[in-house]
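Structure first, commentary second.
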Amino acid sequence: MTITGPARPSTAAPAGGFGPRFLVPLVLGTLLNAINSSMIAVTLAPIGHDLGAGAAETVWLVTVLYLATAVAQPVMGRLVDRCGARRVLLTGLWLVCGAGVLGTLAGSLPMLIAVRVLLGLGTATGFPAAMAIVRARANTLGVAVPGGVLATLATSTQASMAIGPTLGALLAAVATWRATFAVNVPIALLGIVLAVRWLPADGPRTRSARERVDVTGVVLFAVALVALLLFMLRPEQALWPSLAVGLLLSGALVWWELRAADPFLDLRALGGNGPLVATYLRQALAYLAIYAFLYGYPQWLAQSDRLPETTIGLALLPMSVTTVTLSALGTRLGLGVWSRLLLTGGALFAGALALLLTGAGTAMWLLVAIGFLFGVGQGLSTVANQTALYVQAPAERIGTLSGLFRTSQYLGALASTSVIALSFGERATDSGLGTLALVLLVTAALLLCVTGVDRGLRRVPTH
């Protein structure tokens, strides 16, 4: 791939072709991944209680969704290009609908894990399909992609992820944790109806999607990631063969992708675009910290008997409100991308420090304030990093590079599950929370360093 120039969102493009009928089905498609990734955070403990599983086992419900999505996101981007964006989006929504039914009826943890894999595959279609449909509409109108449309997609995803824990707690309180799976059915069905009615139909297929997908690269990437993750999640078992397989396949992946005509991961292009790689790294670090808190903190609150399970979601409400508010304000805060990313690192560092001081006797106001600090980090990070992505990515590859952007986020989330498993083991204790806080302090410090030395971020325009 040749780096020919940045793709910039436009602030002057007409909005007539990007109205509610166009945006609503896209928003429904993209929010499903976010809401499923966060909604389960407050139900891990009751799921484990009902199905007889410990914290180190139920965390797989988190892990497999991100693993499936991390692998599927770039692949779905390719399928969008070959088969048509609306076709792929509708297929994903049907998968989500089926997963919602199966999750509601599941009677074992392995069954639920399989359902989460299906959810990951289905929800992975939303973002690349939305980006392709938006780009196609912009091309039809002869304008650049409107920055307001991109902000709407980003904000809806952030808002969904933020309200997920509260929604999950409410659904679990009214019904049981099974309601957090059942809720996918009406959302997916609504998305299907609106997509069929309001989104433009795809053109005829010209080639088989399989002919252009780097299947070998996808398989190497997936198996290498699974092998490395198994080692990280089970350090007490010393799974050295798993580590060896992961490293060996990672080397094979690099060798193959450097020689593939149409690689799954275009390593040459990424190596030549340092600012974009830094953006991926910032997104991964930010979401490692955010998700480690989002999944680890509720487990500690529940298993340390600080709060009843039905009220834990309310303790995370300040995080949700802060995230949604800052995401919605976006550029109206008057801060540039560099400033927002520095504030992200600072807020996450302060939140981790407060978490380190948390224990059995911690006052309720501090438990609430910690959520606020992580909400600041979550609310500022994604929109700022996404703005940097659109400036740094070549326009002709924005779909694939956007998929890799989301993959970097999911890899951060996957790393967070490893951190939680290493910190808590079978039960979330005060000492385990302290270990988690130390890891988050280091992560936030790295994020501040990566942001601080990137002078190019100061020149990224605010849209």
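Add 1179 to the 1-based position in the sequence shown for the numbering used here, that's all there is to it. All C-beta atoms in this analysis are idealised placements derived from N, C-alpha and C, irrespective of residue type, glycine included.
Problem set entry | Three CB pairs or more closer than 8 angstroms across the region 1296 to 1313 and the region 1533 to 1549 | no
For this session: Return the chain-ordered list of same chain residues with a C-beta closer than 7 angstroms to the C-beta of G1550, the five sequence neighbours on each side being excluded.
Result: A1494, L1495, P1497 and M1498
Exercise. Which term fits M1543, buried or exposed, when burial requires 16 or more other beta carbons within 10 angstroms of its beta carbon?
Worked result: Exposed, since its Cβ has fewer than 16 Cβ neighbours within 10 Å.
For this session: Give the secondary structure of P1648 by DSSP, where H, G and I count as helix, E and B as strand, and everything else as coil.
Result: The requested residue 1648 is not part of the displayed model; the chain covers only 1180 to 1642.
For this session: Taking A1468 and G1556 to be in contact with their CB atoms under 8 angstroms, please state how far apart those CB atoms are, rounded to whole angstroms.
Result: 7 angstroms
Problem set entry | Unbroken stretches of the beta strand (DSSP E), 3 residues or longer, contained in the region 1466 to 1530 | Within the region 1466 to 1530, no complete beta strand (DSSP E) run reaches 3 residues.
Exercise. Is P1573 helix, strand or coil by DSSP?
Worked result: strand
Exercise. So with Cβ pairs under 7 angstroms, would you call I1491 a contact of chain D?
Worked result: The structure shown has no chain D; it contains just one protein chain.
Problem set entry | Distance, A1213 Cα to A1278 Cα | 15 angstroms
Problem set entry | Contact the region 1357 to 1372 vs the region 1393 to 1404: 3+ CB pairs below 8 angstroms | no
For this session: Measure the Cβ-Cβ separation of V1221 and P1344 and say whether it is below 7 angstroms.
Result: yes
For this session: Locate the alpha helix (DSSP H) running through E1236, then write down its first and last residues.
Result: A1234 to T1237
Problem set entry | Residue range of the unbroken alpha helix (DSSP H) whose run includes R1638 | Element bounds for R1638: n/a, residue is neither H nor E.
Problem set entry | Residues of its chain near T1622, where Cβ-Cβ distance is below 6 angstroms and the 5 sequence neighbours each way are ignored | Taken in chain order, the residues that qualify are L1464, L1467 and A1468.
Problem set entry | Secondary structure of L1230, DSSP reduced to three states | helix
Problem set entry | For F1360, the first and last residue of its enclosing alpha helix (DSSP H) | A1358 to A1361
Exercise. From Q1571 to D1441, what does the alpha carbon distance come to, in whole angstroms?
Worked result: 21 angstroms
Problem set entry | Opening and closing residue of the alpha helix (DSSP H) in which I1219 lies | Per DSSP, I1219 lies in no alpha helix (DSSP H) segment and is marked neither H nor E.
For this session: Leaving out five residues on either side along the sequence, give the residues of the same chain with a beta carbon under 6 angstroms from the beta carbon of L1527.
Result: A1468, G1556 and A1623
For this session: Report the rounded CA-to-CA distance for V1547 versus G1370, giving the unit in angstroms.
Result: 35 angstroms
Problem set entry | Segment contact flag, the region 1415 to 1433 with the region 1608 to 1615, C-beta cutoff 8 angstroms, min 3 pairs | Inter-segment contact for the region 1415 to 1433 and the region 1608 to 1615 is absent: fewer than three beta-carbon pairs are separated by less than 8 angstroms.
Exercise. Ordered along the chain, which non-local residues of its own chain (more than five positions away) have a Cβ less than 8 angstroms from that of Y1474?
Worked result: A1220, L1223, V1238, V1241, S1595, T1596 and I1599
Exercise. Quick one: Cα of T1501 to Cα of A1361, how far?
Worked result: Cα-Cα distance, rounded: 27 angstroms.
Problem set entry | Cutoff 7 angstroms; reference T1270; Cβ partners in own chain excluding five residues on either side | T1304
Problem set entry | alpha helix (DSSP H) runs wholly inside the region 1291 to 1340, at least 4 long, in chain order | Assignment of alpha helix (DSSP H) within the region 1291 to 1340, counting only whole runs of 4 or more residues, yields 1305 to 1320 in chain order.
For this session: For W1273, I'd like the list of residues in its chain whose CB is within less than 8 angstroms of its CB, leaving aside the five on either flank, ordered along the chain.
Result: Apart from the 5 residues on each side of it in sequence, W1273 sits with its Cβ closer than 8 angstroms to the Cβ of G1301, A1367 and I1371 in its chain, given in chain order.
Exercise. According to DSSP, is R1605 helix, strand or coil?
Worked result: Note on residue identity: the sequence assigns Glu, not Arg, to residue 1605. It is coil, neither helix nor strand.
Exercise. If P1307 and V1259 are in contact, beta carbons under 8 angstroms, what's the gap, nearest whole angstrom?
Worked result: 5 angstroms
Exercise. Over what stretch of residues does the alpha helix (DSSP H) that includes T1270 continue unbroken?
Worked result: A1264 to L1284
For this session: Using the Cα positions of F1400 and G1450, report the straight-line distance between them to the nearest angstrom.
Result: 18 angstroms
Exercise. Just the Cα atoms here: how many angstroms apart are L1552 and A1533?
Worked result: 9 angstroms
Problem set entry | Same chain, Cβ closer than 6 angstroms to D1381, five either side skipped, listed in chain order | In chain order, G1263, R1265 and R1266 place their CB closer than 6 angstroms to the CB of D1381, counting only its own chain and leaving out the 5 sequence neighbours on each side.
For this session: Between the Cα of S1217 and those of I1342, A1567, F1201 and G1286, spot the shortest distance and give me the residue it belongs to.
Result: I1342
Problem set entry | Contacts around L1521, its chain only, beta-carbon distance under 6 angstroms, and the 5 residues preceding and following it disregarded | T1630
For this session: May I ask you to report which of helix, strand or coil DSSP gives A1380?
Result: Coil at A1380, not helix or strand.
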